[in-house]
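*Asks:*
There are 4 protein chains.
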Amino acid sequence: MRFRIGCRLAYQTESPVPFVFNIEAQSFPGQAIESESLVLSPDVPIERWTREDLGNRTFRIIPPTGLVTVDYSAIVEITPSLGDAGAVREIPPGALPLAVLPDLFPSRYCQSDRLQRFAMTTFGDIPPGYARVNAICNWIHDYVTYEGGVSDAMTSAFDIVTMRAGVCRDFAHLGISLCRALGIPARYVSAYAHRLDPPDFHAVFEAFLEGPDGPAWYLFDPTRMADAAGLVRIGVGRDAAEVAFCNAFGAMEAGKPEVWISAMEDAGDATVQAVRAEA
Amino acid sequence: MRFRIGCRLAYQTESPVPFVFNIEAQSFPGQAIESESLVLSPDVPIERWTREDLGNRTFRIIPPTGLVTVDYSAIVEITPSLGDAGAVREIPPGALPLAVLPDLFPSRYCQSDRLQRFAMTTFGDIPPGYARVNAICNWIHDYVTYEGGVSDAMTSAFDIVTMRAGVCRDFAHLGISLCRALGIPARYVSAYAHRLDPPDFHAVFEAFLEGPDGPAWYLFDPTRMADAAGLVRIGVGRDAAEVAFCNAFGAMEAGKPEVWISAMEDAGDATVQAVRAEA
Amino acid sequence: MRFRIGCRLAYQTESPVPFVFNIEAQSFPGQAIESESLVLSPDVPIERWTREDLGNRTFRIIPPTGLVTVDYSAIVEITPSLGDAGAVREIPPGALPLAVLPDLFPSRYCQSDRLQRFAMTTFGDIPPGYARVNAICNWIHDYVTYEGGVSDAMTSAFDIVTMRAGVCRDFAHLGISLCRALGIPARYVSAYAHRLDPPDFHAVFEAFLEGPDGPAWYLFDPTRMADAAGLVRIGVGRDAAEVAFCNAFGAMEAGKPEVWISAMEDAGDATVQAVRAEA
Amino acid sequence: MRFRIGCRLAYQTESPVPFVFNIEAQSFPGQAIESESLVLSPDVPIERWTREDLGNRTFRIIPPTGLVTVDYSAIVEITPSLGDAGAVREIPPGALPLAVLPDLFPSRYCQSDRLQRFAMTTFGDIPPGYARVNAICNWIHDYVTYEGGVSDAMTSAFDIVTMRAGVCRDFAHLGISLCRALGIPARYVSAYAHRLDPPDFHAVFEAFLEGPDGPAWYLFDPTRMADAAGLVRIGVGRDAAEVAFCNAFGAMEAGKPEVWISAMEDAGDATVQAVRAEA
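Chains as they are written, first to last, in the numbering used here: chain U, 1 to 279; chain E, 280 to 558; chain A, 559 to 837; chain L, 838 to 1116.
1) Can you find a CB in chain E that lies within less than 9 angstroms of the CB of residue 153 of chain U?
2) Run through the stretch 424-489 of chain E for me and flag every whole beta strand (DSSP E) of 3 or more residues, listed as ranges in chain order.
3) Return the residues of the stretch 411-429 of chain E that lie within a Cβ-Cβ distance of less than 9 angstroms from chain U, sorted by chain order.
4) Output the residue ranges of the beta strand (DSSP E) runs that lie fully inside the stretch 335-375 of chain E and measure 3 residues or longer, sorted by chain position.
5) Determine, using beta-carbon pairs with one atom in the stretch 770-781 of chain A and one in the stretch 642-651 of chain A, whether at least three such pairs fall under 8 angstroms.
6) For the stretch 591-606 of chain A and the stretch 853-868 of chain L, state whether three or more C-beta atom pairs, one from each stretch, are separated by less than 8 angstroms.
7) Would you give the residue range spanned by the beta strand (DSSP E) that residue 589 of chain A belongs to?
8) Start and end of the alpha helix (DSSP H) containing residue 695 of chain A?
9) Among E:529, E:526 and E:420, which residue has its Cα nearest to the Cα of residue 483 of chain E?
10) Does residue 836 of chain A come out as helix, strand or coil in the three-state DSSP assignment?
11) Closest Cβ-Cβ distance between residue 339 of chain E and chain U: below 9 angstroms?
12) For the pair the stretch 227-236 of chain U and the stretch 178-191 of chain U, tell me if three or more CB-CB distances fall below 8 angstroms.
13) Among the candidates E:317, E:430 and E:372, whose CA atom is the shortest distance from the CA of residue 462 of chain E?
14) Expressed to the nearest angstrom, what Euclidean distance is found between the alpha-carbon atoms of residue 1039 of chain L and residue 1086 of chain L?
15) Name the residue from L:886, L:944 and L:910 whose alpha carbon lies nearest to the alpha carbon of residue 846 of chain L.
16) Would you say residue 585 of chain A and residue 615 of chain A are within 9 angstroms of each other, going by their C-beta atoms?
17) Round the Cβ separation of residue 451 of chain E and residue 394 of chain E to the nearest angstrom and send it over; I've been treating them as touching at under 8 angstroms.
18) Taking only the alpha-carbon atoms, compute the straight-line gap between residue 83 of chain U and residue 884 of chain L and give it to the nearest angstrom.
19) Does the count of Cβ pairs from the stretch 238-246 of chain U and the stretch 103-121 of chain U closer than 8 angstroms reach three?
20) If we call anything under 9 angstroms between Cβ atoms a contact, is residue 380 of chain E one with residue 464 of chain E?
21) Identify which residue in L:963, L:965, L:1005 and L:882 has its Cα closest to the Cα of residue 1058 of chain L.
22) What are the residues in the stretch 341-363 of chain E lying within 8 angstroms of chain U by C-beta distance?
23) List the residues of chain L whose Cβ lies closer than 8 angstroms to the Cβ of residue 106 of chain U, in chain order.
24) Taking only three categories from DSSP, how would you classify residue 247 of chain E?
25) Go ahead and pull the three-state DSSP assignment for residue 491 of chain E.
26) Give me the Cα-Cα distance between residue 196 of chain U and residue 226 of chain U, rounded to the nearest whole angstrom.
27) Taking residue 57 of chain U as the query, report the chain L residues whose CB atoms sit under 8 angstroms from its CB, ordered along the chain.
28) Compute the Euclidean distance between the alpha carbons of residue 765 of chain A and residue 466 of chain E, then round it to the nearest angstrom.
29) With distances taken from CA atoms, which of A:718, A:694 and A:712 is nearest residue 705 of chain A?
30) Residues of chain U with a CB under 7 angstroms from the CB of residue 936 of chain L: which are they?
31) Would you verify that the beta carbon of residue 306 of chain U is, or is not, closer than 9 angstroms to some beta carbon of chain E?
32) Checking the sheet assignment: what are the DSSP bridge partners for residue 1080 of chain L?
33) Give a yes or no on whether the minimum CB-CB distance between residue 931 of chain L and chain U is below 9 angstroms.
34) Let me check one thing: in DSSP terms, what residues is residue 380 of chain E bridge-paired to?
35) Considering residue 118 of chain U, what are the terminal residues of the alpha helix (DSSP H) in which it resides?
36) Find out if the Cβ-Cβ distance for the pair residue 867 of chain L, residue 912 of chain L is shorter than 9 angstroms.
See below:
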């Protein structure tokens, strides 16, 4: 599937503030960038850094005082493997690649250590595998209300279990925490999300599982708000702390970001089972 | 029903430490003290205070350095009203006696304000009344594991929702918090509890509801561990902070408390529905 | 000193919402009400309850749907005892009246148990007495920034120690918590506050200490924003949970409250040392 | 300086439990491993993984049920740059290498976001540079009591600010959080620590600063318990969640670890100013 994606961001500053952005699509075997453009106004120099281990593409600018706009657009082809979910298994800790162990550890917004008992009493009896991670997503979808303005930048998965309301970021944090508590490596993913309404940057998560073709990161969206086969990945990390689309190091006023994604051919309605996306 | 109750407490101090105890049975229309005795060793003077609003009987001693033991025993007759639970209703806030409004407010261990959404999404659709408070107790019984050593003196109802394990004190705190969050006044009760195994001071809670004979405090035990018609009330308060059986103001070593209760006639197996206990 | 005090509150409802107010001045030996008036529009029936133990005067109304306004005004004479702070001592727990022990216990917003070590390491070496409570107020004044919009209805003293910003309510909660952690009974006081700028309902706290004339509650204002000898007490309680000026049990829109207080004679500039206010 | 280091760990299991260890010294320009040995009993296969970005050397074993011991010993030469602290500066966010930005983000135990105000009000007025990070360490040393048994695996920097007691791990977490809150990248370091008494694995932290020879990670030990020029680095990470010396994935009983380090020549008493350790 090919998608046109992009965003337009605008900021007003009263002094030269450094900005670091992570808005460009990742490039990996399952996600190919056909073309892309990045336009800054004013046209300031860009300093780039791509995290080798994760593939996140970041760039920094220090625009002069005043208005700065960032326009990004791209055509991206994603080829998610739509496998048989029933054949996707959890990997016991003794067999996990050592390189993914850090994705089992608790992080700022995903205190899997504090949610251990909750995870075990609620999901401990479900047979391990893709279906168990899906059961976690179902629980979140059923018991947590999607509602803006309830949570904020301080809100963590631990809070969400009792608050029972939040946005995509909170849904992803809870999903990640519950997976880690059950011994399943999990990480945060920011994405352009097809059919998300209203359009915005979206947050989902990935769990590390073993499919028929070997271990891989599988995408999950506990909000059920986007097209599971229409997620174009931007950033990957422990939790939202690592994957902000914009970090500004100083006072600024942000306009509302415009974000878009559209399918370039008919998206169909394939019943997606397990969506795999190798890093 | 008549019960023999009592306890034996022992403490070792290395300086004269003030102790305040709340171990004696309350006296009110539904709970009559036939006889009782309190023996202290050494035989130090006692200073007494009974909270008029709640009926809690407290006494203070300042024993000399060394070993002090406190022996309390009593024969108490309780006449719980065993009514028809189906006829017990919740009272809307506009009709609640103003004197019970404080039992709607959050307290140290019962942060009903932070559990508002959780209470509403989990119990908001259940028809109001005795059955709804009972549904709260069922939820606690089903989803929280009774287990010592998991919670401590800092643990609150907010923590229990995610920890999913605790002791009678934690069960009561969660029950109270959920009631208050739904607009039902609720308070903490310490008690001698028939058939509690092993015997110990027990913690349950009361909700303020309207029965056929008018508004009253109804007892609930989300642990389901004791005989609902065999609870002899000691202290009543916002939460455990107010109803400790012993407060010591200095360093001491406590022995394990011995606590006992036995029915003086055959307790029968009456199917108890709603247990009312007017203060 | 005589003060004219009052407030004007306005609410808009879309259904008959019960309101409970606590805005009228208390009446006790050190605070006499010369005259007062309460005008409701529309003129709905009032149900009153005064808490005997604390003196808080509350009333409930259930106005019809629409706009309701509450106008309260009074002339109050307060005669604070301006004693010699150096002669005011702390009372050891073995000598405290048993009736004030509950004011040592932690409450929703004043988790003195969790602040025990902080209190001991910061204030444990200061000689006990009025001066130590004053040192607590100085610390709060020096290290916590008075700033609106940082804290909210969920914010407790435990949070304020790290957040280091809040409003009068938060300042009072922290003062209360630190006192209780040191063994000094303390409670929350809402008041009309002379020279508070801008005028509003104010929150201060009281500590239970022993002066030359016996034990009494002494007022403290860690914000240092009002005239210490110009506080007209409205409500007293464990913390803000018990002393809201308005509790509404349903959806409503509140206008900004107008609050006023003015001295009826020249207030002078007497150097106030210890302000005592017996309940 | 050359040091003999090592440790002996012992575990008892009742089923084959996977263990992942991170106990071996790192190898980098300032820290050279002359010789080392690792002996396992029973002699089970080892699976190795070294984190490229951080240099942490980890290995996994799955010993058969029963007793397993791990013996590690090495001779390591460290050549810490003992520079002039006065010449070491902070790096503004616009000039920080993009690769260290993640070390500004909050993590599980280092909630720099929640400690922002505390950091600014306490250290905001101190001139930036090595001396400011040192002032943070002095504050921690002065206001936090080193005491075992107070904190546990759940305790974070946010808790420590109010608890005011903890162990090296907690001291490091607080130092890291305060640095990040001030815009200084900081990370957790586990180490063999010369003159630590009693000997144990030690936790310190590194801040990313600019010295006369360019930007580097500088070591800080807020416990002041070890020889600043005698720290042999084992692991580096966001916080303790990433740098455990042992992760066991199943039930086991651990013996008390033996840890040792001794200087192979006279360590001298050079007044160390700034200790730099390039990764």
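Every residue, glycine too, gets a C-beta built ideally from N, C-alpha and C.
*Replies:* Based on what the coordinates show:
1) In the first sequence, the residue the question calls residue 153 of chain U occupies position 153. For residue 153 of chain U, the nearest beta carbon of chain E is not closer than 9 angstroms to its own beta carbon.
2) 465-472
3) 422, 423, 424 and 429
4) 336-340, 345-357 and 360-362
5) yes
6) no
7) The count along the third sequence starts at 1 and reaches residue 589 of chain A at position 31. Start and end: 589-599.
8) As a working note, residue 695 of chain A is residue 137 in the third sequence. Where residue 695 of chain A is concerned, the enclosing alpha helix (DSSP H) starts and stops at 688-701.
9) Numbered from its first residue, the second sequence carries residue 483 of chain E at position 204. Considering only alpha carbons, the answer is E:420.
10) Indexing the third sequence from 1 puts residue 836 of chain A at position 278. Interpretation of residue 836 of chain A is limited by its pLDDT of 48, a score under 50 that renders its predicted location unreliable; the figure taken from the coordinates is listed afterwards. Three-state result, residue 836 of chain A: coil.
11) One-based indexing of the second sequence puts residue 339 of chain E at position 60. Chain U, which has no Cβ nearer than 9 angstroms to the Cβ of residue 339 of chain E, makes this no.
12) yes
13) Along the second sequence, read from residue 1 onward, the residue named residue 462 of chain E stands at position 183. The candidate whose alpha carbon is nearest that of residue 462 of chain E is E:372.
14) Your numbering for residue 1039 of chain L matches position 202 in the fourth sequence. Your numbering for residue 1086 of chain L matches position 249 in the fourth sequence. Taking the straight line joining both Cα atoms gives about 23 angstroms.
15) Translated into the one-based positions of the fourth sequence, residue 846 of chain L becomes position 9. Nearest C-alpha to residue 846 of chain L: L:910.
16) Position 27 of the third sequence holds residue 585 of chain A. Position 57 of the third sequence holds residue 615 of chain A. A contact, by the Cβ cut-off of 9 angstroms.
17) Here residue 451 of chain E refers to the residue found at position 172 when the second sequence is read from its first residue. Here residue 394 of chain E refers to the residue found at position 115 when the second sequence is read from its first residue. Between residue 394 of chain E and residue 451 of chain E the Cβ distance is about 14 angstroms, and since that is not below 8 angstroms, they are no contact.
18) Indexing the first sequence from 1 puts residue 83 of chain U at position 83. Indexing the fourth sequence from 1 puts residue 884 of chain L at position 47. If you take the alpha carbons of residue 83 of chain U and residue 884 of chain L, they lie about 31 angstroms apart.
19) The stretch 238-246 of chain U is in contact with the stretch 103-121 of chain U.
20) The residue labelled residue 380 of chain E in the question sits at position 101 within the second sequence. The residue labelled residue 464 of chain E in the question sits at position 185 within the second sequence. In this structure, residue 464 of chain E lies closer than 9 angstroms to residue 380 of chain E by Cβ.
21) As a working note, residue 1058 of chain L is residue 221 in the fourth sequence. Closest by alpha carbon: L:1005.
22) none
23) Stepping through the first sequence from its first residue, residue 106 of chain U is reached at position 106. Per Cβ cutoff of 8 angstroms: 945 and 1078.
24) Residue coverage of chain E in this structure runs from 280 to 558, which leaves residue 247 of chain E outside it and unanswerable.
25) The residue you call residue 491 of chain E lines up with position 212 of the second sequence. Coil at residue 491 of chain E, not helix or strand.
26) As a working mapping, residue 196 of chain U is identified with position 196 in the first sequence. As a working mapping, residue 226 of chain U is identified with position 226 in the first sequence. When rounded, the distance between both Cα atoms is 5 angstroms.
27) Taking the first residue of the first sequence as position 1, residue 57 of chain U is located at position 57. Result: empty, since nearest Cβ-Cβ is about 11 angstroms, beyond 8 angstroms.
28) The residue you call residue 765 of chain A lines up with position 207 of the third sequence. The residue you call residue 466 of chain E lines up with position 187 of the second sequence. One C-alpha to the other measures close to 26 angstroms.
29) Walking along the third sequence from the start, residue 705 of chain A turns up at place 147. The shortest Cα separation from residue 705 of chain A among A:718, A:694 and A:712 belongs to A:718.
30) Looking up residue 936 of chain L in the fourth sequence gives position 99. Simply 49.
31) Nothing about residue 306 of chain U can be reported from this structure: the residues present for chain U run from 1 to 279 only.
32) The sequence position of residue 1080 of chain L within the fourth sequence is 243, counting from 1. Paired residue(s): none; residue 1080 of chain L is not in a bridge.
33) Reading the fourth sequence from its first residue, position 94 is the one you call residue 931 of chain L. Yes - at least one Cβ of chain U is within 9 angstroms of the one on residue 931 of chain L.
34) Locating residue 380 of chain E in the second sequence gives position 101, counting from the first residue. Note: residue 380 of chain E sits in no beta bridge, so no partner.
35) Here residue 118 of chain U refers to the residue found at position 118 of the first sequence. Looking at the DSSP string, the run of the alpha helix (DSSP H) that includes residue 118 of chain U is 116-123.
36) As a position in the fourth sequence, residue 867 of chain L is number 30, starting the count at 1. As a position in the fourth sequence, residue 912 of chain L is number 75, starting the count at 1. No, Cβ-Cβ distance for residue 867 of chain L and residue 912 of chain L is not below 9 angstroms.
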